[in-house]
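Trainee: Numbering (the numbering used here), first residue to last: 53 to 317.
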Amino acid sequence: METIIGISNSFFKLNNIRINGDKSELLVWNAPKDVIKSIKMGTNNDLVVAKKPSQESKYLGVYIKSQAGSSHIVKRVKNEIKSMVNLLKYKKITESQVVYVNNVVLMARLEYWLKCTFLTQNQCRTLHNCMILLLKQKMRITKSANNNIFTHQGLVGMTSLLQHLRTAQYADFIVRINSQEWDGGQGQAILRPNQIKMTLGISAAGPLPYFTKYIIEQLLNALNRNIQHQDQTSRITADLTPSPRYQPITPQHPSLDRRRKEWVI
53 METIIGISNS FFKLNNIRIN GDKSELLVWN APKDVIKSIK MGTNNDLVVA KKPSQESKYL
113 GVYIKSQAGS SHIVKRVKNE IKSMVNLLKY KKITESQVVY VNNVVLMARL EYWLKCTFLT
173 QNQCRTLHNC MILLLKQKMR ITKSANNNIF THQGLVGMTS LLQHLRTAQY ADFIVRINSQ
233 EWDGGQGQAI LRPNQIKMTL GISAAGPLPY FTKYIIEQLL NALNRNIQHQ DQTSRITADL
293 TPSPRYQPIT PQHPSLDRRR KEWVI
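Right under this line is the structure:
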């Protein structure tokens, strides 16, 4: 790290660029206890001490820390929604303006913050509930009204945090799984074992002899019934868009035919 910083400092010096080391921050992950967690940075070689694992830093608009967990992101999301609600609570605005601020301004900001954070359905509903209560107040509707009325696109049209995150994550997943780069291959390497486990009811990462024997038996049964098998291991892309002409097939677990003494899918 010191070598890389030295090269960057020489580049800055060559181009007459001065770096303020006092504004630099240092985060350290999984460092041994005997390692000095500090480094010299900037034109004046200012000493930068590493932050504590619980302290966060802002990098490209996203807050990160060396300690595992995403509680700091959830806390910031909660504070951002509350500050937006407090800002609009006493303003004379219509429900359409509240929906616009939520769908265009707030959701885009929260999506960027939550790129590397996974929230459950209950967390999304709890965090976004105060924004829906604000909309009910502006529409002069009782608080006990069902939230589906306000998130329905044919009625009010407010986008909930759960809907927005699901749409964004699905889009990112489809782009990644169809990518020709390394992320596409990595995504399929993670996806295929889970597909095998969901379809066959057994884990591909389990006992290899049993799984291999099962595959060989099924291939032999297919050959005996004149069923051809096409190798799909070299396929890189995967089209996840369902065709409207065909109905999706629900995977069934294999069953053992006692009379024929073979597995049937």
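Ideal placement from N, C-alpha and C gives every residue a C-beta, glycine not left out.
Every value quoted in this text rests on a predicted model; they were computed, and no experiment measured them.
List the endpoints of the continuous beta strand (DSSP E) containing E108.
Mentor: E108 to Y111
Trainee: Since P105 and S118 are thought to touch, with beta carbons under 8 Å apart, how far apart are those beta carbons, to the nearest angstrom?
Mentor: 5 Å
Trainee: I'd like the span of the alpha helix (DSSP H) that includes Y152, first residue to last.
Mentor: E147 to Y152
Trainee: Would you mind reading off the limits of the beta strand (DSSP E) that contains V100?
Mentor: Counting along the chain, the beta strand (DSSP E) containing V100 begins and ends at D98 to V101.
Trainee: Straight-line CA distance for M191 to K127?
Mentor: 28 Å
Trainee: When DSSP labels each residue in this structure, what does I125 get in the three-state scheme?
Mentor: helix
Trainee: If we require 4 or more residues per run, which alpha helix (DSSP H) segments fall completely within the segment 172 to 248?
Mentor: Runs of the alpha helix (DSSP H) inside the segment 172 to 248: 173 to 190, 200 to 203 and 213 to 229.
Trainee: What is the DSSP secondary structure of S60, reduced to helix, strand or coil?
Mentor: helix
Trainee: Name the DSSP beta bridge partners of S90, please?
Mentor: V101
Trainee: What's the C-alpha gap between N72 and N96?
Mentor: Each residue's Cα considered, the two are about 8 Å apart.
Trainee: Report all residues from its chain with a CB closer than 8 Å to the CB of D74; omit the five preceding and five following residues, and keep chain order.
Mentor: Apart from the 5 residues on each side of it in sequence, D74 sits with its Cβ closer than 8 Å to the Cβ of G94 and D98 in its chain, given in chain order.
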